[in-house]
Amino acid sequence: MSLNRKLQLPAGALAALALVTSLGCGRKKYENPIAKDTQQPDKVLFDKAIADIERSRYEVARLTLNTLMNTYDTSEYLAKAKLAIADSWMREGGTHALAQAEAEYKDFILFYPTMEEAAEAQFKVCGIHFKQMEKPDRDSLHAIRAEDECRQLMVQFPNSKFAPEAQQKLRQIQEVLAEGEFRTGSFYHTKGSFPAAANRLHGLTDQYPLFSQADEGLWLLGESYVKMGDRFEDKAADAYTRIVREYPLSLRVDEAKQKLQAMNRPIPEPDPVAYARMKYELENREKVGMMSHFWGVFRKSPDVRAAAKSGEPVMSSLRPRVPATVPSADSAAGAPTGDVTVSAVTDPTALDTKPDARQAPPGQPPSAAVEAATPADSGAAEPASDRQNKNKKKNEKKKKNNASQ
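Take the sequence shown: its letters are residues 85 to 489, numbered as in the numbering used here.
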């Protein structure tokens, strides 16, 4: 009997502990910025909705918050309620819920742009797309959207407390985008499509100088230009020069110097600012362990540990470049300049007397087009054989008419 009691006591204690743990895990505290403890009806509704959000009853919480907003349209909790609706969608998760959360956050910024929480709402919009980013070799839609939203926060709310964290997120996002471009350029280089590789790598190294493998990208860029022939030797030398000057601690510096010497080009001095930045990055870069490499195959999100921790991220989007093998429009013979001039017409008869410019082909003045469009003398241009055939047909037609009469 005593043995059964001894067994029942630990079992009861374990059951009570499991109950307390489940209750604690089922409630995630909401950061309620309102500290006033009053019994006003709108405050009671707001507190009830917050309690429902903490207990993951999101639909009930949104109904309560909408009731508050529709009933007390002058309440001091109106803005907080609108933000709480967006937070409830954010906590619910899922593709549909996150899209609703983004729309609600955008509405909050539109209606309350001067509130401190507007910057927080913009930061959460950036986080929505940041969490949905995929690896560099996958779809880059959410990475591009996250880059735009983080950049918008830094432009619209530069003094916000969220700006430094958004700046670091922007570096991480651009690391992912840059790695995608680097993999594409490396693939073209390995395949032997050197013009395509040079086009990709040139855009990569210009757009993302903070990329962790930018020096390797410049090396492949120089090699691609070398493979394209002597006509691109200057571009190859520029790529090797940038390695020595902008990435002085790179493993490719010695090889780049040898390439410049072989081309009889001057070897530049390393930039001290670039040296200090690269030294800081190498000292603070997080090392990737063997297990991280193993589990990375099964991870959906990208690995951003190699992203830069200093330096200004680029505030413009990557635009497609014109390949170096394509001649520029200025060098093409007879190419249109694209200049458009506007002037007032004072002569009321200009439309009737002057030639129609719409008839002129590109690169030809309107007067020449009018002359080309003027029909020549039909008699002079018509061959003699054609005139004889026409006359013969007319005579036969006359004979038939006379016979019928």
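Where a beta carbon is used, it is the ideal one built from N, C-alpha and C, also for glycine.
Being a predicted model, the structure only gives us computed values, none of them experimental.
Cβ atoms of residue j and residue i: under 8 Å apart, would you say?
i: ALA133; j: ALA170; result: no
i: LYS311; j: PHE271; result: no
i: VAL260; j: PRO293; result: no
i: GLU218; j: PRO354; result: no
i: GLU365; j: SER334; result: no
i: LEU254; j: ALA247; result: no
i: ILE181; j: PHE192; result: Before going further, note that residue 181 is Ala rather than Ile in the sequence given. No; because the gap between Cβ atoms is not below 8 Å, this pair is not in contact.
i: ALA391; j: SER244; result: no
i: THR274; j: ARG284; result: no
i: VAL209; j: GLU233; result: yes
i: ALA135; j: LEU152; result: no
i: ARG329; j: PRO350; result: no
i: ARG326; j: LEU288; result: no
i: ILE212; j: GLU186; result: yes
i: LYS216; j: PRO397; result: Note on identity: in this sequence residue 216 is Gln, with Lys being the wrong assignment. Going by C-beta atoms, GLN216 is not nearer than 8 Å to PRO397.
i: TYR156; j: ASP131; result: no
i: TYR331; j: ALA298; result: yes
i: GLU367; j: ARG389; result: no
i: ARG506; j: HIS286; result: Limits of the chain in this structure are 85 at one end and 489 at the other, which puts residue 506 out of reach.
i: ARG146; j: SER172; result: yes
i: TYR142; j: GLU176; result: yes
i: ALA408; j: PHE266; result: no
i: ARG235; j: MET399; result: yes
Per DSSP, what kind of secondary structure is residue i in: helix, strand or coil?
i: PHE192; result: helix
i: LYS219; result: coil
i: TYR156; result: coil
i: MET199; result: coil
i: ASP431; result: coil
i: ALA391; result: coil
i: GLN258; result: helix
i: PHE214; result: helix
i: GLN345; result: helix
i: ALA465; result: Low confidence applies here, because ALA465 scores a pLDDT of 49, under 50, leaving its location unreliable; read the following figure in that light. ALA465 falls in the helix class under three-state DSSP.
i: THR425; result: coil
i: ALA119; result: Residue confidence is low: ALA119 scores 47 on pLDDT, short of 50, so the model does not pin down where it sits. Its coordinate-derived value is still stated next. ALA119: coil per DSSP, three-state reduction.
i: THR409; result: coil
i: LYS564; result: With the chain covering 85 to 489 only, the question about residue 564 has no answer from this structure.
i: GLN297; result: coil
i: ASN479; result: helix
i: TYR161; result: coil
i: MET399; result: coil
i: SER308; result: helix
i: ARG369; result: coil
i: GLY287; result: helix
i: ARG175; result: helix
i: TYR292; result: coil
i: ARG235; result: helix
i: ASP440; result: coil
i: GLY313; result: coil
i: ARG44; result: No answer is possible for residue 44: it lies beyond the span of the chain, which begins at 85 and ends at 489.
i: LEU335; result: coil
i: SER270; result: helix
Ends of the alpha helix (DSSP H) at residue i?
i: SER277; result: Counting along the chain, SER277 falls outside any alpha helix (DSSP H), and DSSP gives it neither H nor E.
i: GLU353; result: Run containing GLU353: none; DSSP gives neither H nor E here.
i: SER244; result: Unbroken run through SER244: none, as it is neither H nor E.
i: ARG329; result: 317-330
i: GLU138; result: 125-138
Shorter than 7 Å, the distance from the beta carbon of residue i to the closest heavy atom of the ligand GTP, or not?
i: GLN342; result: The model depicted lacks the ligand GTP and carries no ligand whatsoever.
Does residue i come within less than 8 Å of chain D when only Cβ atoms are used?
i: ALA281; result: Although the question refers to chain D, the structure presented lacks it and comprises just one protein chain.
Note to self: Within 8 Å, do at least three Cβ pairs link the region 240-260 to the region 289-303?
What the structure shows: yes
Checklist line | the region 318-325 / the region 357-374 touching (three or more Cβ pairs under 8 Å) | finding: no
Notebook entry, point to check: If we count Cβ pairs, one from each stretch, closer than 8 Å, do we get three or more for the region 294-307 versus the region 339-351?
Noted result: yes
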